[in-house]
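Enquirer: This is the structure I have questions about; it appears just below.
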Amino acid sequence: MNKHPLVLLALGALFVGGACGQAPSSPTPSNPTASPRPSTRPMPGADDAGVVWMCRPGIVRNYCRGDLSTTTIDSAGKQTVVHADAAADPPIDCFYLYPTLSQQPRTNATLAIDPEEQGIARAQAALFGQVCNVYAPIYPQLTLQASFGDGTAIQIAYDGARAAFADYMANYNHGRGVVLIGHSQGAEVLVALLHDEFDAKPEVRKLLVSALLLGGNVKVPVGKLVGGDFANIPGCASATETGCVVAYSSYDETPPAGSNFGRAGSPTMFSYGSGDLQVLCVNPALPGSTAAELLKPTFQTEYVVGLSPRPNPAPTTPYTSYSGQLTGQCKTEGGATWLQIDRVGGTNVMFALQRYGGDDWGLHQHDVSLGTGTLIELIRSESAAFGG
Numbered sequence: 106m107n108k109h110p111l112v113l114l115a116l117g118a119l120f121v122g123g124a125c126g127q128a129p130s131s132p133t134p135s136n137p138t139a140s141p142r143p144s145t146r147p148m149p150g151a152d153d154a155g156v157v158w159m160c161r162p163g164i165v166r167n168y169c170r171g172d173l174s175t176t177t178i179d180s181a182g183k184q185t186v187v188h189a190d191a192a193a194d195p196p197i198d199c200f201y202l203y204p205t206l207s208q209q210p211r212t213n214a215t216l217a218i219d220p221e222e223q224g225i226a227r228a229q230a231a232l233f234g235q236v237c238n239v240y241a242p243i244y245p246q247l248t249l250q251a252s253f254g255d256g257t258a259i260q261i262a263y264d265g266a267r268a269a270f271a272d273y274m275a276n277y278n279h280g281r282g283v284v285l286i287g288h289s290q291g292a293e294v295l296v297a298l299l300h301d302e303f304d305a306k307p308e309v310r311k312l313l314v315s316a317l318l319l320g321g322n323v324k325v326p327v328g329k330l331v332g333g334d335f336a337n338i339p340g341c342a343s344a345t346e347t348g349c350v351v352a353y354s355s356y357d358e359t360p361p362a363g364s365n366f367g368r369a370g371s372p373t374m375f376s377y378g379s380g381d382l383q384v385l386c387v388n389p390a391l392p393g394s395t396a397a398e399l400l401k402p403t404f405q406t407e408y409v410v411g412l413s414p415r416p417n418p419a420p421t422t423p424y425t426s427y428s429g430q431l432t433g434q435c436k437t438e439g440g441a442t443w444l445q446i447d448r449v450g451g452t453n454v455m456f457a458l459q460r461y462g463g464d465d466w467g468l469h470q471h472d473v474s475l476g477t478g479t480l481i482e483l484i485r486s487e488s489a490a491f492g493g
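Note that this note's numbering numbers the sequence shown so that position 114 is 219, with each residue one more than the last.
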């Protein structure tokens with residue numbers, strides 16, 4: 106077993122609210138049930154390797170399958186409906202790990218598919234089915250009830266995710282290109298997975314289309330795109346580069362001192378490299394750009410219609426997207442590196458983004474939604490380059 110540099114981790118560094126974007130409440134004090142290593146006895150619904158999949162082609166209950174139709178609202182308020190479903194035969198796969206959301210009274214979650222996991226599959230993962238086959242395992246993550254995750258608990262979370270990836274590679278990959286997608290705790294775990302399973306293995310690295318590590322504090326040497334957490338996997342420098350990482354944490358102002366994201370001293374589950382490091386920021390709208398670029402944020406409609414200004418008429422599609430209203434720009438300032446989110450001047454159609462959790466968290470809860478439409482386009486571009 107590889108040994109990872111593990112740190113005591115306040116759960117707050119990974120907290121993300123409910124799947125539909127409601128403001129999170131603080132975890133209530135408790136005495137979490139001790140979490141032994143997962144039993145070797147298969148869970149109900151597990152595949153032959155003992156892995157429980159909430160999203161995978163061919164399973165009866167696939168929480169990433171369904172109507173992906175989206176209402177796009179432009180800066181003038183005009184609505185356009187785009188009908189969409191998951192692609193029938195996409196050329197690549199996506200392997201997705203979700204953020205901290207389990208409400209089980211334990212340190213490490215069981216492999217039950219609870220309502221929180223079902224919701225996050227629809228909120229964060231399902232839309233990527235337009236460009237890839239989505240594989241999303243249940244893993245024994247650190248739960249919201251865990252005040253701290255010690256080295257053993259962190260290792261349990263990682264070992265479960267790593268076992269699911271090994272199952273994917275052995276039984277489902279068949280030499281296809283793969284995009285890794287993770288947010289918050291999911292991104293942190295994928296940092297370790299990339300380090301162990303891709304970085305020093307050229308034969309596996311050649312299958313990496315890209316890794317989307319959002320809100321996870323990926324570290325690189327100051328002013329560079331490679332080094333730090335990964336020796337051979339760089340930050341993406343263009344929309345057609347493959348085998349690279351897209352990473353960012355979103356804020357609408359400079360992250361304050363001691364912020365949870367954007368600063369090299371922010372707590373992480375796994376950390377590699379040493380020296381003068383900074384957090385990696387790659388703009389999903391145009392990797393390699395330091396300019397402000399338009400984003401295509403996409404949210405579940407049930408979240409959007411509860412905010413002001415409320416779209417009129419209310420969209421009837423499962424998802425709502427806004428075009429021409431927000432920009433993202435990678436900035437480095439005051440020891441922090443982050444994706445600066447700004448409203449385009451003169452637009453007032455989209456609701457105001459809220460900083461759930463306070464200034465230290467920035468727009469962490471929105472990291473995926475802010476980039477979803479843009480990231481789908483990026484994967485489509487990378488997939489074409491990978492296949493070419």
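The beta carbon of each residue, even a glycine, is placed where N, CA and C say it ideally should be.
(1) Do the segment 216-236 and the segment 159-169 touch if we need at least three Cβ pairs shorter than 8 Å?
(2) Considering only the beta carbon of each residue, do Gly320 and Ser289 sit closer than 7 Å?
(3) Is the beta carbon of Gln208 closer than 7 Å to that of Leu249?
(4) Going by C-alpha distance, which of Arg281, Arg448, Lys324, Asp219 is nearest Pro210?
(5) Does DSSP put Gln470 in a helix, a strand or coil?
(6) Identify the continuous alpha helix (DSSP H) that holds Gln290 and give its terminal residues.
(7) Closest to Gly163 by CA distance: which of Tyr240, Ala336, Leu216, Thr215 is it?
(8) For a test of the three-state rule: what should DSSP assign to Asn213, helix, strand or coil?
(9) Can you check whether the CB of Ala342 is closer than 7 Å to the CB of Pro392?
(10) Mapping the DSSP letters down to three states, classify Ala352 as helix, strand or coil.
(11) On the DSSP bridge list, what partners appear for Thr177?
(12) Rounding to the nearest angstrom, what Cα-Cα distance links Thr215 and Gly439 in this structure?
(13) Please classify Gln250: does DSSP put it in a helix, a strand, or coil?
(14) Are the beta-carbon atoms of Ser474 and Pro402 separated by less than 7 Å?
(15) Does the distance from the CB of Ser486 to the CB of Ala344 come in under 7 Å?
(16) Does DSSP classify Tyr263 as helix, strand or coil?
(17) Between Ala425 and Phe456, which are expected to be in contact by the criterion C-beta below 8 Å, what is the C-beta distance as a whole number of angstroms?
(18) Taking the alpha carbon of Asn365 as the reference point, which residue from Gly155, Ser354, Pro420 has its own alpha carbon closest?
(19) Return the CA-CA distance between Ser394 and Ala151, expressed in angstroms with no decimal places.
Expert: The structure says:
(1) Yes, they touch.
(2) For this step, residue 320 is matched to residue 215 along the sequence shown. For this step, residue 289 is matched to residue 184 along the sequence shown. The criterion of a C-beta distance shorter than 7 Å is satisfied by Gly320 and Ser289.
(3) Sequence index remark: in the sequence shown, residue 249 carries index 144 (1-based). Sequence index remark: in the sequence shown, residue 208 carries index 103 (1-based). Against a cut-off of 7 Å, the Cβ pair of Gln208 and Leu249 comes out as a contact.
(4) If you number the sequence shown from 1, residue 210 lands on position 105. Of all alpha-carbon atoms in Arg281, Arg448, Lys324, Asp219, the one lying nearest the alpha-carbon of Pro210 is that of Asp219.
(5) Within the sequence shown, numbered from 1, the residue matching residue 470 stands at position 365. Helix, per DSSP.
(6) Taking the first residue of the sequence shown as position 1, residue 290 is located at position 185. Here the alpha helix (DSSP H) through Gln290 covers 290-299.
(7) Taking the sequence shown and counting its residues from 1, the one referred to as residue 163 is at position 58. Of the candidates Tyr240, Ala336, Leu216, Thr215, the one whose C-alpha sits nearest the C-alpha of Gly163 is Tyr240.
(8) For the purposes of this step, residue 213 is taken as residue 108 along the sequence shown, with counting starting at 1. Of the three classes helix, strand and coil, the one that applies to Asn213 here is strand, per DSSP.
(9) As a first step, residue 392 is located in the sequence shown; it is residue number 287 there, counting from the start. As a first step, residue 342 is located in the sequence shown; it is residue number 237 there, counting from the start. Annotated as proximal: Pro392 and Ala342, with beta-carbon spacing under 7 Å.
(10) Here residue 352 refers to the residue found at position 247 of the sequence shown. Strand at Ala352.
(11) The residue you call residue 177 lines up with position 72 of the sequence shown. Note: Thr177 is bridge-paired with Thr185, Ser426 in the DSSP secondary-structure output.
(12) The residue given as residue 215 occupies position 110 in the sequence shown. The residue given as residue 439 occupies position 334 in the sequence shown. Near 41 Å, if we compare the C-alpha coordinates of Gly439 and Thr215.
(13) Here residue 250 refers to the residue found at position 145 when the sequence shown is read from its first residue. DSSP, reduced to helix, strand and coil, places Gln250 outside both helices and strands of the structure shown, so it counts as coil.
(14) Here residue 474 refers to the residue found at position 369 of the sequence shown. Here residue 402 refers to the residue found at position 297 of the sequence shown. Yes; because the gap between Cβ atoms is below 7 Å, this pair is in contact.
(15) On the sequence shown, position 381 is the one that residue 486 refers to. On the sequence shown, position 239 is the one that residue 344 refers to. Taking 7 Å as the cut-off, the beta carbon of Ser486 is found closer than this to the beta carbon of Ala344.
(16) Position 158 of the sequence shown, counting from 1, holds the residue named residue 263. It is helical.
(17) Position 320 of the sequence shown holds residue 425. Position 351 of the sequence shown holds residue 456. The amino acid at residue 425 is misidentified as Ala; the sequence shows Thr. Thr425 to Phe456, Cβ: 10 Å. No contact.
(18) As a working note, residue 365 is residue 260 in the sequence shown. Each of Gly155, Ser354, Pro420 was checked against the Cα of Asn365, and the nearest Cα belongs to Ser354.
(19) Within the sequence shown, the letter at position 289 stands for residue 394. Within the sequence shown, the letter at position 46 stands for residue 151. Ser394 and Ala151 have their C-alpha atoms spaced approximately 43 Å apart.
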